[in-house]
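Numbering (this note's numbering), first residue to last: 6 to 381. All C-beta atoms in this analysis are idealised placements derived from N, C-alpha and C, irrespective of residue type, glycine included.
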RNA sequence: GUGGGUAUGGCGCAGUUGGUUAGCGCGCCAGAUUGUGGCUCUGGAGGCCGAGGGUUCAAAUCCCUCUAUCCACC
């Protein structure tokens with residue numbers, strides 16, 4: 006079901022066939038943590054901005070509305086009215102991002118809910134059960150995303166536990182996919198490689214999880230504070246130890262430049278909160294770099310966010326108007342910014358796929374990176 | 001008209017018994033943010049403290065006059 010269509014250097018143009026449709030890679034998954042894109046972007050809007058996969062979060066959906074409710078309604082895709090693939094993150098990242106609200110034990114993680122403080126236990130089995138209830142297309146293994154920097158000792162203990170958790174995830178997934186009551190019996194499971202910036206730990210871990218024969222693999226624990234060079238180095242050093250006939254997902258990354266570099270090193274899947282979060286905060290991504298629309302210089306600017314962009318927002322609204330909406334804290338401003346940014350990212354991925362097919366990825370990448378450095 | 005209150009950056013306010021370069025919130029101007037808590041954080045600009053005079057080594061702070069404004073009463 007995962008096919009390599011062509012390669013250009015290490016850059017891969019592939020497709021992943023799933024029960025919910027075929028994903029063309031490299032792909033940027035659009036983050037909709039609680040079953041909704043932030044910024045009032047509807048799943049109807051997603052059709053026009055070329056979204057292929059929506060990423061939801063296990064922990065967040067478990068806390069609210071509850072995965073039992075999602076299952077009762079018929080799964081997350083029916084719930085949010087989105088018939089294409091959905092990937093659920095396992096809650097592993099919340100081990101990192103909600104560090105003050107949790108305790109890690111061998112059996113799993115004890116959280117205090119960020120909503121009402123109540124105790125929540127999530128281990129590998131629970132995470133997979135929740136993801137099965139949500140009925141996403143792809144489930145992620147429950148891991149620990151270790152902090153950066155971390156000592157060698159901490160990192161070794163952490164990835165050993167993550168490996169043990171992965172075995173439990175796989176076992177639970179096999180059990181659930183065999184039950185008649187399961188909504189998506191073809192749910193895929195991706196394992197997550199960890200090891201921080203320690204090359205040898207990364208490689209050792211990559212070998213171990215490759216042996217466990219999962220449907221796909223992810224590089225986790227990157228873009229958590231290390232430099233870009235360290236991140237690119239880890240990708241380069243680790244990729245040879247992950248199977249080439251399986252998709253690879255670089256979790257939580259990143260900027261358009263990060264994505265261009267990672268694709269060149271063979272990565273298929275990406276996701277990042279940047280286009281949505283930075284959009285809400287006034288940053289528009291354009292072919293000429295990142296623009297802070299809140300800056301005074303755009304007060305009277307009647308040009309679109311990006312003159313080379315053909316998204317519905319750029320066809321209609323001016324920088325000055327969008328700036329005004331954000332200043333006035335109008336919801337429409339957030340929506341227009343996020344819509345444009347997601348369209349920009351999705352279009353970037355389309356161009357990347359096209360460049361790989363044409364065998365001119367390197368030239369495309371360099372030209373693109375030059376453009377990002379230009380001043381508006 | 002009488003009595004009382006208040007005048008401090010664009011707005012709203014702190015400024016202790018007078019004591020070094022007058023603070024705070026919002027706003028403004030910038031910057032961060034990488035498997036999302038519609039957040040949060042970090043910088044920066046901007047004030048002859050209503051006007052004039054006096055007391056004092058020293059006044060946003062005490063005294064006098066004026067101006068503006070608010071409240072109550074006639």
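query, result
"Three or more C-beta pairs below 8 angstroms linking the region 301-310 and the region 320-329", "yes"
"Coarse secondary structure for residue 98, derived from DSSP in three states", "helix"
"DSSP three-state assignment for residue 322, whether helix, strand or coil", "coil"
"For residue 22, the residue or residues it bridges with in DSSP", "27"
"Paired residues, beta bridge with residue 288 - DSSP", "297"
"Three-way DSSP call (helix, strand, coil) for residue 73 in this model", "helix"
"Contact check, residue 147 vs residue 96, beta carbons under 8 angstroms", "yes"
"Residue 269 burial status per 10 Å Cβ neighbour count (16 or more: buried)", "buried"
"For residue 144, the residue or residues it bridges with in DSSP", "93, 194"
"Helix, strand or coil at residue 205 according to DSSP, with G and I counted as helix", "helix"
"N- and C-terminal bounds of the beta strand (DSSP E) containing residue 133", "Here residue 133 belongs to no beta strand (DSSP E); instead the alpha helix (DSSP H) covers 129-139."
"C-alpha gap between residue 48 and residue 319, whole angstroms", "20 angstroms"
"Residue 106 vs residue 98 beta-carbon contact at 8 angstroms", "no"
"Near the ligand COA: residue 245 beta-carbon under 7 angstroms from a heavy atom", "Inclusion of the ligand COA in the displayed structure is not the case, the ligand content being empty and no account of it being possible."
"Residue burial classification, residue 53 (beta-carbon count within 10 angstroms, cutoff 16)", "exposed"
"Rounded C-alpha distance that separates residue 152 from residue 119", "20 angstroms"
"Exposure label - residue 37; buried when at least 16 CB within 10 Å", "buried"
"Residues bridged to residue 7 [DSSP beta-bridge criterion]", "21"
"Contact check, residue 366 vs residue 16, beta carbons under 8 angstroms", "yes"
"Given 8 angstroms, three or more beta-carbon pairs between the region 16-33 and the region 272-279", "yes"
"Sheet register partners of residue 125 (DSSP bridge)", "116"
"Residue 175 burial status per 10 Å Cβ neighbour count (16 or more: buried)", "buried"
"Buried or exposed (CB count within 10 angstroms, at least 16 for buried), residue 76", "buried"
"Which residues DSSP lists as bridging residue 224, in chain order", "198, 255"
"Alpha carbon of residue 263 to alpha carbon of residue 232, nearest angstrom", "11 angstroms"
"CB-CB length for residue 78 against residue 139, believed under 8 angstroms", "Not a contact, Cβ separation roughly 11 angstroms."
"Spatial neighbours of residue 357 in its chain, beta-carbon cut-off 6 angstroms, leaving aside the 5 residues before and after", "31, 268"
"CB contact flag (residue 238, residue 222, <8 angstroms)", "no"
"Cα-Cα separation between residue 42 and residue 191, rounded to whole angstroms", "25 angstroms"
"Residues bridged to residue 12 [DSSP beta-bridge criterion]", "17"
"Collapsed DSSP secondary structure at residue 173 in the structure displayed", "helix"
"Bridge partners - residue 275, DSSP secondary structure assignment", "33, 255"
"Per-residue DSSP class, three states only, for residue 42", "strand"
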